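Beneath this line is the structure, given in structure tokens, with notes to follow.
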Amino acid sequence: MADPALSKSGETSVDLLALMSGEEMRHCRLSLGMTHGELASALRLAPQAESQITRWEEGTMPVPGPVALAIEYLLYMDTIGEPLPSSGLFSV
């Protein structure tokens, strides 16, 4: 029996590979107590990215895998009580 998750070409459906839905992203953002702008800043996105976050949360655009993983990292850091780094990984 054919796997319904595979297309005729054998490729996996993009929806099935999504790491985080828009609703999950919104829940995570609210759990962190962040606005769209604060989340954009924490993700090191451009200030104009607030509208992109809205599109991800509304489900009009899929949440990219790296963004989902970064949000999971933010939640983990919040859970263990560690402050978020204020700059990049490397200090000069």
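Residue numbers (our numbering): 2 to 93.
Note that the Cβ used here is the ideal one computed from N, Cα and C, for glycine as well.
Just so we're clear, the structure is a prediction, and the values are computed from it rather than from any experiment.
Rounded to whole angstroms, what's the CA-CA distance from residue i to residue j? Just pull it up for me.
{"i": "LEU33", "j": "GLU83", "result": "13 Å"}
{"i": "GLU59", "j": "ILE81", "result": "29 Å"}
{"i": "SER22", "j": "PRO48", "result": "22 Å"}
{"i": "GLU25", "j": "HIS37", "result": "14 Å"}
{"i": "MET78", "j": "ARG30", "result": "13 Å"}
{"i": "ILE54", "j": "LEU85", "result": "19 Å"}
{"i": "ALA71", "j": "SER52", "result": "18 Å"}
{"i": "ALA50", "j": "VAL64", "result": "13 Å"}
{"i": "VAL1", "j": "LEU20", "result": "Because the chain is modelled from 2 through 93, residue 1 falls outside the range shown and cannot be assessed."}
{"i": "SER42", "j": "TRP57", "result": "16 Å"}
Any idea if residue i is buried or exposed, counting beta-carbon neighbours within 10 angstroms, 16 or more meaning buried?
{"i": "ARG45", "result": "exposed"}
{"i": "LEU40", "result": "buried"}
{"i": "MET62", "result": "exposed"}
{"i": "LEU75", "result": "buried"}
Length at least 4, wholly inside the segment 16-64: the alpha helix (DSSP H) runs in chain order: 23-32, 37-43 and 51-59
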